[in-house]
Amino acid sequence: IGQAAIAGPDGRLLGWVYYRFPDDSRFLLTDAARAGLLAVLGAALVAVIVSGLAGGWLARQFSRRLNALSQASAAFAAGDLNQRITLQGNDEITQLGAQFNRMAAQISRQMEELRRLAETNARLAEEARALAALEERNRLARELHDAIKQQLFGLGLTAASAQQLLAANPEKAAARLEQMAEMTRQIQEEMDNIIRQLRPSSLNDKGLAEALQALCANWQSQTGIPLELTIRHARTLPLDVEHSLYRVAQEALNNIARHAQAGRVSIILDYGDTAVQLQISDNGAGFDPAQQKSGSSGLKNMAERVAEADGRLTIESQPGQGTVVAAQIPLKEITHV
4 IGQAAIAGPD GRLLGWVYYR FPDDSRFLLT DAARAGLLAV LGAALVAVIV
54 SGLAGGWLAR QFSRRLNALS QASAAFAAGD LNQRITLQGN DEITQLGAQF
104 NRMAAQISRQ MEELRRLAET NARLAEEARA LAALEERNRL ARELHDAIKQ
154 QLFGLGLTAA SAQQLLAANP EKAAARLEQM AEMTRQIQEE MDNIIRQLRP
204 SSLNDKGLAE ALQALCANWQ SQTGIPLELT IRHARTLPLD VEHSLYRVAQ
254 EALNNIARHA QAGRVSIILD YGDTAVQLQI SDNGAGFDPA QQKSGSSGLK
304 NMAERVAEAD GRLTIESQPG QGTVVAAQIP LKEITHV
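Each residue of the sequence shown is one higher than the one before, counting from 4 in our numbering.
Rendered as structure tokens:
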């Protein structure tokens, strides 16, 4: 039951209106609510079905693209550097595929560069082996020139002296023959050393100072030319330095005996704190170094030996003014004896 007031034009209360709904009107509201609820439920069901279908499609698309990315990555890892990914869209998967393509392209370029570097290194290694073989042949040629050739020259001088003395002084001739036998033995030892270590036999059991003393004594005996040897502050040197200086002295003395026509020779071996110096001078005929350097294998060998020890060789000479050969080799560390 309900009521409502009735007012006149002037606002005065004229009366009341009373009304009453039927007893089953509450059920009419319930049916409307039920219909609305069913409509909402139907719409929700349709939305769920549509969402499920769309989600399944999106999931399949997502899975397909991830599988493509995974397969491309596996193929690339297996060595297929040309593997690339083609994906449509602008989402994270597409961006990941683009990053994969950039990475693959960069790695491919780097691998190609490494391949070219490997080919270059292989070529350089082959050239280095060829150069090493050439250097070894040159070194052997220097050893044969510096050792065997010079000792054979000394042997020839001794033989000539023995021949001259044979009739006039048989005893001195016999002494020269004994020297020849000793020199022959030394040549044989030198050949053995060249084959084994390419190291002068005179340095096997001696230092440079003692080996140089023996060399000078033998040379003076063979040539008859006075030789003064001065050794200052003798010390132990690295083997390659001793080897180089010994060969320089040997070559210089050989040149003096063959060409200088000298009346005296002086050799100074000076062991400094930071360098060792060897100087060989004579008062012989001299020569023009500029004309001799290109044609003399002996001078070239001396320069190469000193250069191999990071040293410097100088030759001062003028025709009629004698010759001074000086070798200087720096030393990092020297041990006193």
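All residues carry an ideal CB built from backbone N, CA and C; glycine is no exception.
Proximity of residue i and residue j at Cβ, strictly below 9 Å
| i | j | result |
| --- | --- | --- |
| residue 328 | residue 269 | no |
| residue 312 | residue 332 | yes |
| residue 72 | residue 103 | yes |
| residue 211 | residue 244 | yes |
| residue 304 | residue 250 | yes |
| residue 281 | residue 263 | no |
| residue 110 | residue 100 | no |
| residue 223 | residue 186 | no |
| residue 229 | residue 188 | no |
| residue 220 | residue 157 | no |
| residue 225 | residue 123 | no |
| residue 232 | residue 240 | no |
| residue 289 | residue 258 | no |
| residue 326 | residue 287 | yes |
| residue 273 | residue 235 | yes |
| residue 151 | residue 192 | no |
| residue 330 | residue 315 | yes |
| residue 147 | residue 114 | no |
| residue 320 | residue 276 | no |
| residue 256 | residue 218 | yes |
In DSSP terms, what residue i is bridged to
| i | result |
| --- | --- |
| residue 188 | Answer by DSSP bridge pairing: none, since residue 188 is not bridged. |
| residue 271 | 233 and 282 |
Whole-number beta carbon distance between residue j and residue i, since they are thought to touch under 8 Å
| i | j | result |
| --- | --- | --- |
| residue 180 | residue 165 | 5 Å |
| residue 206 | residue 278 | No, residue 206 and residue 278 are not in contact; Cβ-Cβ is about 20 Å, not under 8 Å. |
| residue 86 | residue 107 | 6 Å |
Boundaries (first-last residue) of the alpha helix (DSSP H) holding residue i
| i | result |
| --- | --- |
| residue 243 | 242-258 |
| residue 277 | First-last for residue 277: undefined, no H or E at that position. |
| residue 214 | 211-226 |
| residue 168 | 153-171 |
Range covered by the beta strand (DSSP E) that runs through residue i
| i | result |
| --- | --- |
| residue 331 | 326-333 |
| residue 316 | 315-320 |
Neighbour flag for residue i against chain B, beta carbons, 9 Å
| i | result |
| --- | --- |
| residue 174 | Annotation note: the requested chain B is absent from the structure, which comprises a single protein chain. |
Query raised in the report: Which ranges would you report for the beta strand (DSSP E) in the stretch 39-97 if only whole runs of at least 3 residues count?
Result: none
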